[in-house]
Amino acid sequence: MMNICFVHNVSVVGGAERVSQGIMQNLPISDYRLSLVCTAKGELSKECEQLSVPTETNPMFQPSMRNPIKTLTNFIGWKNLIKKNQIDIFHTGDLISTRSLLRAALFTKTKIVCHIHFPFEEDFAKWVFSANSQPSGFLFCSQDLQNNLGAMLKKLCPKASQWVVHNAVDTDVFLPQKVSNKTIKIGIIANLQFRKGHDDFLDMAKNLKISGYSPVYEIIGGDILQEPREPLLKERVEELELNQEVTFHGQVNNVKELLQSLDIVVCASHEEAFPISILEAMACGKPIVSTNVNGIPEAIIDGESGLLVSPSSPEELSNKVKFLMDNPQNMKEIGDNARKRVHHHFGKNVFIQKIIGVYKSL
């Protein structure tokens, strides 16, 4: 029996957390005992407890020579947790949580798999992995991410292994559903960070309105990082005179149902790694218009299983959406192809076997 502890520096559920939940749901319980540590009780801990995964909270204090007492207290806390739960591997979802527990894990010879879900700067990595502290390995969710960060992390952490395992989706859960909307529904599914491109999505909507198209727009996701973006975006909706067309759903626990109700999905991100929201939309057979940034082209084949555009280009977004609305047969074919691609390449079974391979290699 191998004890795996997942660690996240948040209490809400975003893409990285959904990846961890997918691993929890699909690891064989006969071989693995699972637990979670996150910053506070909330959506993440509640959902994991529903999966029968015990959870604990930790503020993820960052060790500092300026605060030796808290640094020592943090070290002892992690060391005691490792001993109490007999943890074999920490599977961390971000660098902040990794840094918090790193020295205690090294002291107790506990393995760390650091799951990399997004790009970061070298100065930040140097701060995280200072004092010759390094994890057992880095798990990248896209080839593009490893291409951009792998060499730098190898320089900082030469003994750490590196693996690429694309995110996956349960295609038995995310299924196509017949949609019969009287008005076309176009949705964006993402937290409200600036990099997710909601401003471009709204400018796209304005372009479509000016061109005589009349869909409605669903903005699904909230301010999970406590950035006050929603009020700013609502102001932008008023400026663009889109109040009647745009609905803000906030952070929701019924993403699948809202996704299945859409006719078209748009990803307007300026930066991404390998977004699970795109895989979920593909599994539901949705035609997707997405920016071509980072690892997204590893999921979507342009013109076949989705339509790709340049980042920060509302005009390109609106042109591709127009094409789909004007060509319903193409829209259906692209959605069907998306479903086939994700089922064959990014299904849960292939994913979980690769994750098990990572654990067994340590």
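Counting in the UniProt record's numbering, the sequence shown runs from 1 upward without gaps.
C-beta: ideal position from N, C-alpha, C; glycine also.
Given the structure is predicted, the values throughout are model-derived calculations rather than measurements.
(message) Across the segment 212-232 and the segment 297-304, are there enough close Cβ pairs to call them in contact, namely three or more that are closer than 8 Å?
(response) No, the segment 212-232 does not touch the segment 297-304.
(request) Can you give me the start and stop residues for the beta strand (DSSP E) that residue 401 sits inside? (result) No information on residue 401 is available, as it lies outside the stretch 1 to 362 that the chain covers here.
(request) Look at the alpha carbon of Glu257 and the alpha carbon of Gly250, and state the distance between them as a whole number of angstroms. (result) Position 257 of the sequence shown, counting from 1, holds the residue named residue 257. Position 250 of the sequence shown, counting from 1, holds the residue named residue 250. Each residue's Cα considered, the two are about 14 Å apart.
(message) Check whether the segment 2-13 and the segment 90-98 are in contact - that is, three or more C-beta pairs closer than 8 Å.
(response) The segment 2-13, when compared against the segment 90-98, does touch it at the 8 Å Cβ threshold.
(request) On a CA-only basis, which of Val19, Asn3, Trp163, Trp127 is nearest Asp31? Give me that one, please. (result) Residue numbering aside, residue 31 sits at position 31 when the sequence shown is read from its first letter. Comparing Cα positions, the closest option is Asn3.
(request) Let me know the secondary structure DSSP gives Tyr213 once reduced to three states. (result) To locate residue 213, count along the sequence shown from 1; it is residue 213. Coil.
(request) Measure the C-alpha to C-alpha separation of Ala338 and Asp326 and round it to an integer number of angstroms. (result) For the purposes of this step, residue 338 is taken as residue 338 along the sequence shown, with counting starting at 1. For the purposes of this step, residue 326 is taken as residue 326 along the sequence shown, with counting starting at 1. Cα to Cα, the separation comes out at about 19 Å.
(message) Once the 5 residues before and after Leu106 are set aside, which same chain residues still bring their CB inside 7 Å of it?
(response) As a working mapping, residue 106 is identified with position 106 in the sequence shown. These residues qualify, in order along the chain: Ser133.
(message) Give me, in chain order, the residues of the same chain whose beta-carbon lies closer than 6 Å to that of Val53; leave out the 5 immediate sequence neighbours on both sides.
(response) In the sequence shown, residue 53 corresponds to position 53, counting from 1. Within the same chain, Met24, Leu34, Leu36 come within 6 Å of Val53 by CB-CB distance, once the 5 residues on both sides are set aside.
(request) Return the CA-CA distance between Val246 and Glu218, expressed in angstroms with no decimal places. (result) Translated into the one-based positions of the sequence shown, residue 246 becomes position 246. Translated into the one-based positions of the sequence shown, residue 218 becomes position 218. Taking the straight line joining both Cα atoms gives about 6 Å.
(request) Would you kindly check if the distance between the Cβ of His117 and the Cβ of Arg195 is under 8 Å? (result) As a working note, residue 195 is residue 195 in the sequence shown. As a working note, residue 117 is residue 117 in the sequence shown. Using a Cβ distance threshold of 8 Å, Arg195 and His117 do not count as a contacting pair.
(request) Can you check DSSP and say which residues form a bridge with Val33? (result) Mapped onto the sequence shown, residue 33 falls at position 33. Here residue 33 is Arg; the residue named in the question, Val, does not match the sequence. Asn3, per the DSSP bridge assignment.
(message) So, with DSSP's three-state summary, where would you put Gly347?
(response) To locate residue 347, count along the sequence shown from 1; it is residue 347. Note: Gly347 maps to strand in three-state DSSP.
(request) Under the assumption that Pro119 contacts Asn148 (Cβ atoms under 8 Å), give the Cβ distance between them as a whole number of angstroms. (result) If you number the sequence shown from 1, residue 119 lands on position 119. If you number the sequence shown from 1, residue 148 lands on position 148. In this structure, Pro119 and Asn148 form a Cβ contact; the two beta carbons are roughly 6 Å apart against a cut-off of 8 Å.
(message) On a Cα-Cα basis, can you pick out the residue from Asn26, His115, Lys348 that is closest to Ser136?
(response) Taking the sequence shown and counting its residues from 1, one reaches residue 136 at position 136. Shortest Cα-Cα distance from Ser136 to any of Asn26, His115, Lys348 involves His115.
(request) Name, in chain order, the residues that DSSP records as bridge partners for Asp172. (result) What you label residue 172 is simply residue 172 of the sequence shown in a count that begins at 1. The partner list for Asp172 (beta bridge, DSSP) is empty, contrary to what the question assumes.
(request) Using the DSSP secondary-structure output, state which residues sit across from Phe140 in a beta bridge. (result) Position 140 of the sequence shown, counted from the first residue, corresponds to residue 140. Under DSSP, Phe140 shares a beta bridge with Ile116, Val164.
(message) Looking at the strands, I want to know which residues DSSP matches up with Ser180.
(response) Counting from one through the sequence shown, the residue named residue 180 turns up at place 180. In the DSSP output, where bridge partners are listed per residue, Ser180 has none listed.
(message) Would residue 440 and Arg103 qualify as a contact pair, given that the criterion is a beta-carbon distance under 8 Å?
(response) There is simply no residue 440 to check, as the chain begins at 1 and stops at 362 in what is shown.
(message) Among the candidates Asn207, Val321, Phe201, whose CA atom is the shortest distance from the CA of Leu233?
(response) Within the sequence shown, the letter at position 233 stands for residue 233. The shortest C-alpha separation from Leu233 is found at Phe201.
(request) Look at the alpha carbon of Val237 and the alpha carbon of Pro311, and state the distance between them as a whole number of angstroms. (result) Locating residue 237 in the sequence shown gives position 237, counting from the first residue. Locating residue 311 in the sequence shown gives position 311, counting from the first residue. Cα to Cα, the separation comes out at about 21 Å.
(message) Helix, strand or coil for Leu308? Go by DSSP, reduced to three states.
(response) Walking along the sequence shown from the start, residue 308 turns up at place 308. Three-state result, Leu308: strand.
(message) Assuming Val19 is part of the alpha helix (DSSP H), what are its boundary residues?
(response) Here residue 19 refers to the residue found at position 19 when the sequence shown is read from its first residue. Its alpha helix (DSSP H) spans residues 15-26.
(request) Taking Met56 as part of the beta strand (DSSP E), name the residues at either end of that continuous run. (result) Working through the sequence shown from its first residue, we reach residue 56 at position 56. The sequence shown places Glu at residue 56, rather than the Met named in the question. It spans 55-57 - the beta strand (DSSP E) in which Glu56 sits, taken as one unbroken run.
(request) Take Asn294 as the anchor and find which of Ala268, Leu317, Cys284 has the nearest alpha-carbon. (result) Residue numbering aside, residue 294 sits at position 294 when the sequence shown is read from its first letter. Looking at the Cα atoms, Ala268 is the closest of the given residues.
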